[in-house]
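Engineer: To get the numbering used here, take the position in the sequence shown, counting from 1, and add 89. Virtual Cβ for every residue (Gly too), placed ideally from N, Cα, C. None of these values were measured; they are calculated from a predicted model. Encoded as structure tokens, here's the structure I'll be asking about.
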Amino acid sequence: SPEVRQRIDAGLVEDVGPVEDLNIERILALKPDLVVSYSLGNGDPEYAHLWELGVPVLMVNEFRERHPLGRAEWLKVFGFLTQSKEQADLQFMRLAKRYDSVAGACGQATSRPSVLLNAPWKECWYIPGARSYMARLVEDAGGRLLTAGYEDGESHSVNFEVALGLGMQANFWLNPGSYQSLGELAALHPAYAGFPSVERRNVYNNTKRLNPKGGNDFYERGVMEPDVLLEDLQWIFHPELAPPGYDPVYYVRLR
């Protein structure tokens, strides 16, 4: 966020190292009342060490939540920590009501377009399973995520042939990495130019809110406003259901 970037640029944010290699001495010197982080799932020995040294640690693993509202509900934790619990509860209630309203409208759509997600990264194409966060967002927006048969909530690496087959089935293509144009995707591999989504210009990326450092607000503020994410997807899949003149917040159409 701009506020965080301003604090970093002003030297008001301390660097204590990456999660897997924390600078324990620096953390102790700062004398924090609480360390807020996330778990790598490896037992987190660095944080166990902090506890042993008398520094409490709170794990915020919202990224493991599979429902968009489940991720957003973590704002209640920060409401509690900042003594603004009532405000946080009210904010969540409002966004949940709005989310359910948009999902209800999309559920009345007469069609459910198929959706391809992501793009190859280091020769691997990761496809989320049917119980994943993005699958739920797409479903609630009246779409159908192509999952290559995976029914869980994890992401799976698929080979080029599988990804190509999914691409030929998809009505829409979302979140194709850092690519900003259809020409870039076609240059990546000529087969992509034959995808129906590319031919019909139904390719959208969640890169409308990037900061100068490349940070993507879709994965930051977007987590706290799934109702807005859903409205964006409603506008993409079912524009007839979107408010007149709707201007998407996180998505751009590639040209």
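#1: Between the Cα of P315 and the Cα atoms of A208, D229, A177, which residue gives the shortest distance?
#2: Quick check: what's the CA-CA separation for Q172 versus S190?
#3: Just the C-alpha distance for E135 and R96, rounded to the nearest angstrom, thanks.
#4: What do you reckon, are the CB atoms on F326 and P202 nearer than 8 Å?
#5: Quick test of the definition: if touching needs 3 or more C-beta pairs under 8 Å, does the region 161-171 touch the region 218-229?
#6: Taking 8 Å as the cut-off, decide whether the C-beta atoms of V227 and W262 are in contact.
#7: Using a Cβ-Cβ cut-off of 8 Å (strictly less than) and excluding sequence neighbours within five positions of S267, which residues of its own chain qualify?
#8: Does the beta-carbon distance from P285 to N264 come in below 8 Å?
#9: H184 and G256 look like a contact to me (Cβ under 8 Å); what is the Cβ gap, rounded to whole Å?
#10: Between the beta-carbon of V338 and the beta-carbon of V312, is there less than 8 Å?
#11: Within 10 angstroms of the Cβ of E162, are there 16 or more other Cβ atoms? Answer buried if so, exposed if not.
#12: Taking 8 Å as the cut-off, decide whether the C-beta atoms of L129 and E114 are in contact.
#13: Are the CB atoms of R225 and H156 within a distance shorter than 8 Å?
#14: Per the DSSP calculation, V93 is bridged to which residue(s)?
#15: Would a C-beta distance cut-off of 8 Å place A198 and L330 closer than the cut-off?
#16: Rank F152, I116, L158 by C-alpha distance to the C-alpha of W140 and give the top, closest one.
#17: So if DSSP puts S203 in a beta bridge, which residue, or which two residues, is it bridged to?
#18: Output the distance between the C-alpha atoms of L322 and G159, rounded to the nearest integer angstrom.
#19: Mind checking N294: buried by the 16 CB within 10 Å criterion, or exposed?
#20: Give me, in chain order, the residues of the same chain whose beta-carbon lies closer than 7 Å to that of L142; leave out the 5 immediate sequence neighbours on both sides.
#21: Taking the CB atoms as reference points, tell me whether L123 and E103 lie closer together than 8 Å.
#22: Roughly how many angstroms separate the alpha carbons of S270 and K174, rounded to a whole number?
#23: Y127: which of P145, F152, V144 sits nearest, CA to CA?
#24: Which partner residues of N294 appear in the DSSP bridge assignment?
#25: Skipping 5 residues on each side, what residues in its chain have a beta carbon closer than 7 Å to that of C195?
Structural biologist: Taking the geometry as given:
#1: D229
#2: 29 Å
#3: 26 Å
#4: yes
#5: no
#6: no
#7: T296
#8: no
#9: The sequence shown places Leu at residue 184, rather than the His named in the question. That belief does not hold up - the Cβ atoms of L184 and G256 are roughly 33 Å apart, past 8 Å.
#10: no
#11: buried
#12: no
#13: yes
#14: BP columns for V93 are empty, so no partner.
#15: yes
#16: I116
#17: R233
#18: 18 Å
#19: buried
#20: L117
#21: no
#22: 43 Å
#23: F152
#24: V341
#25: D229, A230, G231, Q323, H327, L330
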